[in-house]
Every structure is written in structure tokens, then in C-alpha cells.
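Here the sequence shown stands for residues 1 to 106, where the numbers follow the working numbering. The beta-carbon is built from N, C-alpha and C at its ideal position, and this holds for glycine as well. Taking it in order: structure first as C-alpha cells, then the write-up.
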Amino acid sequence: MREELSARQGAPDPLTRGQFSDGQRYFTVRASSAEVPDSFQVYAGGDPADIVVVVSGLVSWNLRATWGDGWRTARAEWKAWFKDQAFMVFYNGRPPASGNVRVCNG
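Below, the structure written as C-alpha cells:
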């Protein structure tokens with residue numbers, strides 16, 4: 001029965017790294033390839049056609065963010081926060097936990 005259900009639902013996309021939210025919308029982070037991806041894309045609301053940003057140059061560390069239509073005019077602060085969240089999900093599979101932050105200074 002489980003095999004039948006998973007066959008109907010389809011196999012999970014091996015390129016999907018995870019999701020995060022800005023409190024209003026959900027965003028999905030997807031790598032360009034399974035082995036040593038050079039870029040990732042983030043799309044909104046489960047719609048791969050609604051690309052928010054593509055970050056390229058991961059292998060060379062010559063990073064470039066290309067914003068999708070409708071997202072280019074977002075505030076610089078939101079874009080910086082968004083890229084930070086996207087990188088966390090790309091590398092860790094999830095955004096950082098919200099809550100108190102402890103800092104050790106020594």
C-alpha cells in the first residue's frame with residue numbers, strides 16, 4: 001500500500017534542497033544539478049515558473065544574483081535577508097531556527 005501511494009505521489013525531486021518563508025509566502029530552493037551544482041534557484045509558492053532569484057557562480061565563488069520579474073524592485077534589506085535564507089537552505093536544507101541567539105565573546 002505504501003509503495004502504491006508513493007508511486008502515485010511521485011518520487012521526491014532530488015534537486016530540491018528545502019523551503020523557507022517570509023511570513024507571507026513560501027519559497028523553494030532548488031539546485032541546478034545533483035553533483036556539484038554551480039547555481040540554485042528560488043521560486044515562490046510551489047510554482048517553478050515564479051522564479052524569485054537565481055544565484056550562480058557557486059563553484060567559482062564569483063557569485064551573481066539574478067532577480068526574477070516582479071522581484072527586482074524589492075527593498076535592498078529584504079533582498080539581503082532573502083539571499084541569506086536561500087543560502088542557508090541550499091547548504092543546510094532548512095533556514096536557521098528563529099528565536100533567541102546566543103553569542104560567545106571569548
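Taking one beta carbon from each stretch, the region 38 to 58 and the region 68 to 82 have 3 or more pairs nearer than 8 Å; the two touch. Gly23 and Gly93 have their C-alpha atoms roughly 18 Å apart. One Cα belongs to Lys83, the other to Val42, and the distance between them is close to 9 Å. Within the same chain, Ala44 and Gly45 come within 7 Å of Arg25 by CB-CB distance, once the 5 residues on both sides are set aside.
Going by C-alpha positions, Phe90 is about 16 Å away from Pro48. In the displayed model, Ala86 falls within a helix according to three-state DSSP. Excluding its 5 nearest sequence neighbours in each direction, Ser39 has C-beta neighbours in its own chain below 7 Å: Ser32, Val54, Val55, Ser56 and Leu58, listed in chain order. Pro37 has its alpha-carbon roughly 12 Å from the corresponding atom of Trp61.
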